[in-house]
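Trainee:
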Amino acid sequence: VWQEQGIILDGHNRYEICKRLGVDFNTKMLSFPGRDEAKLWMLKTQLGRRNLNAFHRTRAQLMIANLEKNLGSSGVKSDLGMSKPADGHEPSKAETIEQIARTSGVSPDTVRKVSYLEENIDDEVRKKLMSGETSVSKEYAALRQKDKKEPIPLPEAAMPVITKKEAVGFLTELNNKEEKFDLLITEPPSYQEWQKNGSLNDYVDFTRQWLGSALSVLKVDARAFIFVDTDIFVLNRLLTLAIEQSNANIEFSDLLIWTYRPQENDAGKEFNANWQGILYFRGKQALAKEKSTELNTVLHFMKDFHNDFKYKDWRKPVPLVRKLIQFAAHGGKVLDPFAGSGQFLLTAARAGYAARGCDHSPELLSLAGENGCRIED
81 VWQEQGIILD GHNRYEICKR LGVDFNTKML SFPGRDEAKL WMLKTQLGRR
131 NLNAFHRTRA QLMIANLEKN LGSSGVKSDL GMSKPADGHE PSKAETIEQI
181 ARTSGVSPDT VRKVSYLEEN IDDEVRKKLM SGETSVSKEY AALRQKDKKE
231 PIPLPEAAMP VITKKEAVGF LTELNNKEEK FDLLITEPPS YQEWQKNGSL
281 NDYVDFTRQW LGSALSVLKV DARAFIFVDT DIFVLNRLLT LAIEQSNANI
331 EFSDLLIWTY RPQENDAGKE FNANWQGILY FRGKQALAKE KSTELNTVLH
381 FMKDFHNDFK YKDWRKPVPL VRKLIQFAAH GGKVLDPFAG SGQFLLTAAR
431 AGYAARGCDH SPELLSLAGE NGCRIED
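In the numbering used here, the protein residues as written are 81 to 457.
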């Protein structure tokens, strides 16, 4: 048991059996300075068991490597076996993969496949891999083949619906109908795109209008992910607004950071932009997700410049969108009041969610229709 938090770290099944049968039991209290150190101990204890398959072992070693890297970079030292080489050399990604392969008893290629699967699969596939019901090679091949194909058109009943209307008016109508949603995921216009309409104060007022209405149509166990401007002055105002907009049902929880490798240099700038912020709101009755779906506050996904499905400019990486959407209850309702060419809604619909949104740009509505959304007045 984690002494500082009173949380069972190992022996959950034995605890439940003893409680059910009324059998006395002893506990061993362990002290850890933080959650990451406690998770490290749990993972390393799991690896001591003999019944773990290749996916389970490799996944645990990848998680350990990531935790040890984070703890090492923060200057924290534990007694869990973390160590830097005597010469202070930081291992490269290739060296880390080789080391994980050796400790997991698999090939470096398997480590790369498991890492790729972890970023792209859902909980159902993950459970099958951990139980041995399916294999790493099979799921990796299926996923790569799926990524190469253009999505099969959705049946009409499952198509996302985009209403031809601006966001504030559309959200007001939803509030009047008292329609509720399980997830809000959207990317509103950045201040750079919007500033022809007015000042930064005007932009913040506009954001206050639509955001307040959008949060009001979410269920008490819902979540919201809003991609926002990276300009530090704009972001500062939006963070203040996000805190103010918390209400009795949902509250601002965190600023997530999505990082990517830029394709080209930003002209005239000393540093290239390689990140975007995501405002994360969490319903006050939202249940904690299983550990397999937990997010780090910093998300690493490649920026997607492909234009094969006619998304305007560049689209968000589909694995990133899937990662966020899976926080809604399966089959729930997903909302995007700045639907654009439909990527968020289409990704949600293909994952089995009821997806709805709005947009008033004729160009983007045309693209959304071509991509497989149903456009209505």
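Quick reminder that beta carbons are idealized off the backbone N, C-alpha and C, glycines included.
As the structure is a prediction and not an experimental result, all values here were calculated from the model.
Leaving out five residues on either side along the sequence, give the residues of the same chain with a beta carbon under 7 Å from the beta carbon of Asp416.
Mentor: Excluding residues within five positions, the ones whose Cβ falls inside 7 Å are Ile265, Thr266, Phe424, Leu425 and Gly437.
Trainee: Which value, in whole angstroms, describes the spacing of the CA atoms of Ile284 and Leu321?
Mentor: According to the sequence as given, residue 284 is Val; it is not Ile. Taking the straight line from one Cα to the other gives about 8 Å.
Trainee: Determine the contact status of Leu142 and Val191, defining contact as a CB-CB distance below 9 Å.
Mentor: Taking 9 Å as the Cβ cut-off, Leu142 and Val191 qualify as a contacting pair.
Trainee: Enumerate in chain order the residues of its own chain whose CB-to-CB distance from Lys145 is below 7 Å, with the five nearest sequence positions on each side excluded.
Mentor: Note that residue 145 is Ala in the sequence shown, not Lys. Taken in chain order, the residues that qualify are Thr176 and Ile180.
Trainee: If you count every other CB in all the chains shown that lies within 10 Å of the CB of Cys98, and 16 or more means buried, which is it?
Mentor: Cys98 comes out exposed.
Trainee: Considering just the uninterrupted stretch of the alpha helix (DSSP H) at Glu273, what are its terminal residues?
Mentor: From DSSP, the alpha helix (DSSP H) with Glu273 extends over Tyr271 to Trp274.
Trainee: If you run the structure through DSSP and keep just helix, strand and coil, what is Ala174?
Mentor: Ala174: helix per DSSP, three-state reduction.
Trainee: At a cut-off of 8 Å, is Arg362 close to the ligand PLP when judged by its beta-carbon and the heavy atoms of the ligand?
Mentor: As for the ligand PLP, it is missing from this structure, which has no ligand bound.
Trainee: In the DSSP assignment, the beta strand (DSSP E) including Arg436 goes from what residue to what residue?
Mentor: Unbroken beta strand (DSSP E) run through Arg436: Ala434 to Asp439.
Trainee: On a CA-only basis, which of Ser111, Ser333, Ser293 and Val241 is nearest Gln365? Give me that one, please.
Mentor: Nearest option by C-alpha distance: Ser333.
Trainee: Going by DSSP in three states, Thr107 sits in which element: helix, strand or coil?
Mentor: If DSSP states are grouped into helix, strand and coil, Thr107 belongs with coil.
Trainee: List the whole-angstrom C-beta distance separating Arg362 from Arg303, where the pair is believed to meet the contact cut-off of C-beta under 8 Å.
Mentor: Yes, Arg362 and Arg303 are in contact; Cβ-Cβ is about 6 Å, under 8 Å.
Trainee: Taking 8 Å as the threshold, find out whether the region 322-329 comes into contact with the region 286-300 through three or more Cβ pairs.
Mentor: With a cut-off of 8 Å, the region 286-300 and the region 322-329 count as touching, because enough Cβ pairs lie within range.
Trainee: Among residues of its own chain, excluding the 5 on either side of Pro188, which ones have a beta-carbon nearer than 7 Å to its beta-carbon?
Mentor: Here the set comprises Ile177, Glu178 and Ala181.
Trainee: Per DSSP, what kind of secondary structure is Leu367 in: helix, strand or coil?
Mentor: In this structure, Leu367 counts as coil in the three-state DSSP scheme.
Trainee: Helix or strand or just coil, what does DSSP make of Tyr95?
Mentor: Here Tyr95 sits in helix by DSSP.
Trainee: Measure the alpha-carbon distance for Asn131 versus Gly357 and round it to whole angstroms.
Mentor: About 41 Å.
Trainee: Ordered along the chain, which non-local residues of its own chain (more than five positions away) have a Cβ less than 6 Å from that of Val248?
Mentor: Correct list, in chain order: Gln289 and Trp290.
Trainee: Given a threshold of 16 other Cβ atoms within 10 Å of its Cβ, counted over all protein chains shown, does Ser446 qualify as buried or as exposed?
Mentor: Classification for Ser446: exposed.
Trainee: In whole angstroms, what separates the C-alpha of Ala118 from that of Arg206?
Mentor: In a straight line, the C-alpha of Ala118 is about 23 Å away from that of Arg206.
Trainee: Taking 8 Å as the limit between beta carbons, can you name the residues of its chain near Lys244, skipping five residues before and five after?
Mentor: The residues are Cys438, Asp439, His440, Leu445, Ile455, Glu456 and Asp457.
Trainee: Return the chain-ordered list of same chain residues with a C-beta closer than 6 Å to the C-beta of Leu335, the five sequence neighbours on each side being excluded.
Mentor: The residues are Gly357.
Trainee: In chain order, which beta strand (DSSP E) runs of at least 3 residues are fully inside the region 271-322?
Mentor: 298-308, all fully within the region 271-322.
Trainee: Classify Ser217 as helix, strand or coil using the three-state DSSP reduction.
Mentor: Ser217 falls in the helix class under three-state DSSP.
Trainee: To the nearest angstrom, report how far apart Met239 and Asn352 are at their CA atoms.
Mentor: Going from the Cα of Met239 to the Cα of Asn352 covers about 38 Å.
Trainee: Per DSSP, Thr339 forms a beta bridge with which residues?
Mentor: In the DSSP output, where bridge partners are listed per residue, Thr339 has Trp355 and His380.
Trainee: Assuming Gly412 and Asp262 form a contact by the criterion Cβ under 8 Å, report the distance between their Cβ atoms to the nearest whole angstrom.
Mentor: That pair is a contact at about 3 Å.
Trainee: Helix, strand or coil: how does DSSP classify Asp116 here?
Mentor: Helix, per DSSP.
Trainee: Just mark Asn93 as buried or exposed, buried being the case when its beta carbon has 16 or more other beta carbons within 10 Å.
Mentor: The residue in question, Asn93, is exposed, as its Cβ has fewer than 16 Cβ neighbours within 10 Å.
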